[in-house]
Structures are given as C-alpha cells and as structure tokens.
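A.B. asks:
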Amino acid sequence: MIQGFNQGGQRAVGIIRMQLTMEDMVLSTLFHVIDAKTSYNMLLGRPWLHENAVVPSTWHQRFKYCRNGIVKKVLGDNKPFTEAESHFVDAKYYIEDANKGKEILPAEEPKSCNNQNARKNESSTLEPESLKSLTLPLTQINMKQPSKKRKEVIKH
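Per the numbering used here: the sequence shown = residues 1 to 156.
1. Roughly how many angstroms lie between the CA atoms of G9 and M22, to the nearest whole one?
2. Give the secondary structure of H32 by DSSP, where H, G and I count as helix, E and B as strand, and everything else as coil.
3. Might you give, ordered along the chain, the residues of its own chain that have their beta carbon closer than 7 Å to the beta carbon of R62, omitting 5 neighbours on each side?
4. Does the beta-carbon of Y65 have 16 or more other beta-carbons within 10 angstroms, so that it is buried, or is it exposed?
5. Could you name the residues of the same chain whose beta carbon sits closer than 7 Å to that of Q19, not counting the 5 residues immediately before and after it, in chain order?
6. Bridge partners of P56, per DSSP?
7. Out of curiosity, what's the CA-to-CA distance linking I34 and G69?
8. Near A98, which residues of its chain fall below 6 Å by C-beta distance, leaving aside the five closest residues on each side in sequence?
9. Look at the Cβ atom of A53, then the Cβ atom of H32, and state whether they are nearer than 8 Å.
10. Could you give the distance in angstroms between the alpha-carbon of G14 and the alpha-carbon of M42?
11. Taking only three categories from DSSP, how would you classify R46?
12. How would you write the range of the beta strand (DSSP E) that K73 sits in, first residue to last?
13. What residue from V55, H60, W59 has the CA that sits closest to R67's CA?
14. Report the residue from I16, K144, D24 whose alpha carbon sits nearest the alpha carbon of V71.
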C-alpha cells in the first residue's frame, strides 16, 4: 500500500526495475506502478534521495548532487502543470504572462488524406468558431471512488 495518493492509500499495480538516467547519473531504480492521475511522471522518495546524496528544490524545480567534487544540477519540468491543472495555487509561478490576453497564432494545417492538392508548409489562422468542434465536454471525476483494479499483472 502506497500512502499519500488521493488523501489515502493506493495499491501498486506492479513494480518494475529500470535504469534511470539523469545527466551523468545512471542508476538501477525500483518503481512502484500505480493507477492514478497525477501531475508528475514519477516520484523519487526520501530513501532514493538519501542513498544518492541528492538535494531537491521544489521551488527551483531541480535537484543537485555532488560527483567527484563537482556540484551537478538536474532540471525538472519547467511547466509542471497541464492546462487542466492551472487552477492549482502553485501553477501561478509557472504560467508566463498570466495577465496577458490570449492571441490567435497561425498554425499549420494538418495534412488530409482527402485533400490531394494540400500544399506543404502552408499556414492559416485558426478561428475560435472552428475550434468549437474540437472542444470536449467536462467530465466529472469521482475522487471518493477508487480506480478499477486492472486484471493485467506487471512482472519484473
């Protein structure tokens, strides 16, 4: 049971040992796989940090470590929040020009199988009306109900 997800525990779907490479740091690391929507790809816990003499900084979104007397830095995500998560309080530190109005930028048209005469590198402006068909409806998420347990088993 892994604690701290959805204000409760979460059972691991499986575990996997993988080679983790960050800058010149190459380590064999054991990962516990969970079925949960998170704003991160992986968590490196205190045992891993201590074992590898790593100093994390959530403020700077990086960590530092020392190898052969030289301090090394590994940068994390410079945009750790998705657009859907931009309501998080901490997201304001990562959103560039939050007060600036949005503008419509030219975008390359996707190549269509039906359009034989589509020219390469042709760009056009996307109009807000044309984007309405691409908008998905809001989906309600029930945080009190756990995810369904998967039947597949991940073996290591």
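We put the beta carbon where it would ideally sit given N, CA and C, even for glycine.
C.D. replies: In short:
1. Here residue 9 is taken as the residue at index 9 of the sequence shown, counted from 1. Here residue 22 is taken as the residue at index 22 of the sequence shown, counted from 1. Their Cα atoms are separated by approximately 29 Å.
2. Walking along the sequence shown from the start, residue 32 turns up at place 32. Note: H32 maps to strand in three-state DSSP.
3. Walking along the sequence shown from the start, residue 62 turns up at place 62. Only K73, V74, L75, G76 meet the Cβ criterion.
4. By one-based count along the sequence shown, residue 65 stands at place 65. Under this definition Y65 is a buried residue.
5. Position 19 of the sequence shown, counting from 1, holds the residue named residue 19. The answer, listed in chain order, is V26, S28.
6. Translated into positions along the sequence shown, residue 56 becomes position 56. DSSP output for P56 lists F63 as bridge partner(s).
7. Here residue 34 corresponds to residue number 34 of the sequence shown, with the count starting at 1. Here residue 69 corresponds to residue number 69 of the sequence shown, with the count starting at 1. When rounded, the distance between both Cα atoms is 37 Å.
8. Counted from its first residue, the sequence shown places residue 98 at position 98. Since pLDDT at A98 reaches only 49, below the 50 mark, its modelled position is unreliable, and the value read off the structure follows with that caveat. For A98, where only same-chain residues beyond five positions count, there are no Cβ hits under 6 Å.
9. In the sequence shown, counting from the first residue as 1, residue 53 sits at position 53. In the sequence shown, counting from the first residue as 1, residue 32 sits at position 32. Contact flag unset, no.
10. Indexing the sequence shown from 1 puts residue 14 at position 14. Indexing the sequence shown from 1 puts residue 42 at position 42. In a straight line, the C-alpha of G14 is about 14 Å away from that of M42.
11. Along the sequence shown, one-based indexing puts residue 46 at 46. R46: helix per DSSP, three-state reduction.
12. The residue you call residue 73 lines up with position 73 of the sequence shown. 70-75 is the span of the beta strand (DSSP E), which, as asked, contains K73.
13. Here residue 67 refers to the residue found at position 67 when the sequence shown is read from its first residue. Scanning V55, H60, W59 for the CA closest to the CA of R67 turns up V55.
14. Here residue 71 is taken as the residue at index 71 of the sequence shown, counted from 1. The residue with the shortest Cα to Cα distance from V71 is D24.
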